[in-house]
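Below is one structure, written out as C-alpha cells; comments come after it.
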Ligand code: UGA
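Residue numbers (our numbering): 1 to 453.
Here's what the structure looks like:
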C-alpha cells in the first residue's frame, strides 16, 4: 500500500518506519525542513531503541521517503495518516490546530476519494469535527470526493516504541466497517503474527486511547498513595505489589511505586480527558485525584531531604542520578527530576547532575544556574563529597552500580532512591543510609554528621 504519514514526531516517525517495515510504501511528511533533511540522510533526531537501524534499513529498501512538501505527500496516495502533535492548552484541553491544519490541506488538495486516519491522540468527537470540516471544504470547492475519517490510536511507549508497534498487545481501529477495510490490509502482516485487531466505533476508539492512559496513570497514583501508608507503618510496597499483582484481576504491571509519572502522555492526556468530562458536565474527582497524587509524589524526594537535614537544605550538595522522565529516553517533558531540581535551587542547595542520555535535553529546559554542576558520569556526581545522592530515573547503569563503591563515595551521606533501584537487603548489607519509596528507611551505622551550614 502507499501511505502518507503527517508529522515526524515520536508517533509519526515510528509509525512511518514500522509501516515501511511491514512492506508498505510510506512517505513521512513534516513542515520542519531541518528534521526532514536529517531523517532523509538517515540521522534519527530522537533517542529511541531500534529506530536508527530500522530507519536506515527502510531508507535503503526505498520503501520509506521523507518530505517537507505536504502537498507532494497528499498527491502520492489516498491513505493519509495524521500523526501531528496535540499539545495541552492552558485549560488542559488538547490543542488540535495541527491536526485540523493537515486535514484541511488534504481536503483542499485531494484529487480523489481518500481515507484520513487519525493516529494523533485526539479527544472523543474529534473524528466528527474532522468529518464536518472536510465536508465543508469539499462542498465549498464543489468537489464530490468521498473522504472517510477513521481513528487508529497508538499505544507506543517511548524507549520501546518500535517493539511496541511491531509486537502490539492489540491494534484498535474505529469507524464504519466499510471505511476500515484499508486498515485491515495495512495491518495484515501484524495480524498474521497473531496480533489482535479490534474494530469499534470511531468514538470508542478515540476514548479507548485516553482511557488506557488514564487507567495506567491511575494504577501508578494508586500504588503511590498506598506507598505513603506503607512508609508510615513500616511495610514494604514492593512486597505489597507482588502480593496484589499476582491476583489475575489486578495484574502486576504499572504498580511500581516511585516519584510519579511524567512524559508527554500521561499528564497531558489525563488533563485533556478531565477537560472533556467537565465540558460534558461530568464529575472528574477520580481523574483529578490521579493528577494531584502524582504532583504530590514528585515532592517525595524533597520531603525526605527536609526530614533528613531538618529543613536545612541551603548550601548542602545534592547529587542527582537520572534526569529523563524515565529510562531509555532523553525526553525531559514533565520529568520528576525537574520538580526536584527547581525546589532544591529555591532552597539554595548545590546540585551535581547526571543522566546517561538526557544531559543536553536537560540543559535546554533548565535555567543556567551557578548552583548546578553538570557531571560527566555517575561516579563524577559523587566525587567531591556530596551530602546526599538522589536517584530520579532508574537507568540500568545506576542499578548495576557497585554498591561497595557507592557506599565508599557517599561516606555516610544518604541515598534518596525515588525509583527503588536496590533491594533493602542489599542496601542494608552495604551499610547505606537509604530512603526508598514505600519501604522502611535504613540507617547506616556510619551516619555522616551534616556540616553544610
Ligand atoms: C505511555 C503509555 O504507556 C503508552 O501505552 C502510550 O502509547 C503513550 O504513553 C502515549 O500515549 O503516547 P510513555 O509515556 O512512553 O507511554 O511511558 P510509560 O512507560 O508508560 O511511563 C510513563 C511514566 O510512568 C514514567 O514516568 C514512568 O516512570 C512511570 N511509571 C511507569 C511508574 O511510575 N510506575 C510504573 O509502574 C510504570
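Ideal Cβ placement from N, Cα and C applies to all residues, glycine included.
Alpha-carbon to alpha-carbon, residue j and residue i
i	j	result
residue 408	residue 280	58 Å
residue 101	residue 124	18 Å
residue 162	residue 51	7 Å
residue 298	residue 342	11 Å
residue 24	residue 79	11 Å
residue 184	residue 156	19 Å
residue 4	residue 181	17 Å
residue 440	residue 159	31 Å
residue 374	residue 381	8 Å
residue 75	residue 110	7 Å
residue 87	residue 429	47 Å
residue 152	residue 205	7 Å
residue 239	residue 245	10 Å
residue 435	residue 442	7 Å
residue 243	residue 219	15 Å
residue 252	residue 350	38 Å
residue 31	residue 84	10 Å
residue 311	residue 411	21 Å
residue 262	residue 132	34 Å
residue 6	residue 64	13 Å
residue 392	residue 406	16 Å
residue 217	residue 43	33 Å
residue 372	residue 383	15 Å
Cβ-based burial, residue i [other Cβ within 10 Å; buried from 16]
i	result
residue 284	buried
residue 332	buried
residue 453	Note on residue 453: pLDDT 37, under 50, position unreliable in the model; the coordinate value appears next. Residue 453 should be labelled exposed.
residue 282	exposed
residue 355	buried
residue 20	buried
residue 127	buried
residue 142	exposed
residue 73	buried
residue 37	exposed
residue 425	exposed
residue 445	exposed
residue 451	Below a pLDDT of 50, predicted positions are generally treated as unreliable, and residue 451, at 45, falls in that range; the measurement from the model is reported next regardless. The residue is exposed, with fewer than 16 neighbouring Cβ atoms inside 10 Å.
residue 136	exposed
residue 423	exposed
residue 134	buried
residue 336	buried
residue 2	exposed
residue 103	buried
Of the residues the options, the one placed nearest residue i, counting alpha carbons only
i	options	result
residue 255	277, 221, 248, 266	221
residue 34	434, 382, 133, 45	45
residue 40	57, 436, 375	57
residue 305	294, 347, 289, 336	347
residue 9	120, 403, 140	120
residue 295	259, 219, 385	259
residue 90	268, 293, 410, 291	268
residue 328	47, 1, 29, 18	47
residue 352	310, 60, 377	377
residue 198	251, 173, 445, 438	173
residue 200	177, 215, 217	177
residue 264	326, 238, 311	326
residue 29	12, 22, 384, 18	12
residue 16	31, 32, 59	59
residue 107	70, 122, 349, 383	70
residue 215	431, 138, 288, 309	288
residue 437	405, 394, 402	394
residue 207	53, 55, 390, 175	175
residue 212	49, 266, 303, 330	266
residue 330	43, 18, 49, 27	49
residue 308	364, 433, 420, 140	433
residue 236	248, 14, 257	257
residue 250	223, 290, 202	223
Contact with chain B by residue i, beta-carbon distance below 8 Å
i	result
residue 346	Considering every chain present, this structure includes no chain B. It has just one protein chain.
Take every Cβ of the stretch 86 to 102, pair it with every Cβ of the stretch 163 to 176, and state whether three or more of those distances are shorter than 8 Å. Look at the beta carbons and you see the stretch 86 to 102 not touching the stretch 163 to 176: under three pairs across the two are nearer than 8 Å.
Sufficient close CB pairs (3 or more, under 8 Å) joining the stretch 307 to 315 to the stretch 265 to 281: Here the stretch 307 to 315 does not lie against the stretch 265 to 281, with fewer than 3 beta-carbon pairs under 8 Å apart.
**Asked** For the 8 Å Cβ check, are there 3 or more pairs between the stretch 317 to 326 and the stretch 388 to 398?
**Response** Below 8 Å, enough C-beta pairs join the stretch 317 to 326 and the stretch 388 to 398 to call them touching: three or more.
With a cut-off of 8 Å, do at least 3 Cβ pairs link the stretch 355 to 366 to the stretch 415 to 435? Two segments are said to touch when three or more pairs of C-beta atoms, one from each, lie closer than 8 Å; by this definition the stretch 355 to 366 does not touch the stretch 415 to 435.
With a threshold of 8 Å, are at least 3 pairs of Cβ atoms found where one atom belongs to the stretch 224 to 238 and the other to the stretch 187 to 195? A contact is defined here as three or more CB-CB pairs under 8 Å, and the stretch 224 to 238 fails this definition with respect to the stretch 187 to 195.
So, do the stretch 103 to 119 and the stretch 138 to 155 have three or more beta carbon pairs nearer to each other than 8 Å?
Here the stretch 103 to 119 lies against the stretch 138 to 155, with 3 or more beta-carbon pairs under 8 Å apart.
Original post:
Taking one C-beta from the stretch 287 to 306 and one from the stretch 362 to 371 each time, how about it: are there three or more such pairs within less than 8 Å?
Top reply: Proximity of the stretch 287 to 306 to the stretch 362 to 371 falls short of the contact definition, fewer than three beta-carbon pairs being nearer than 8 Å.
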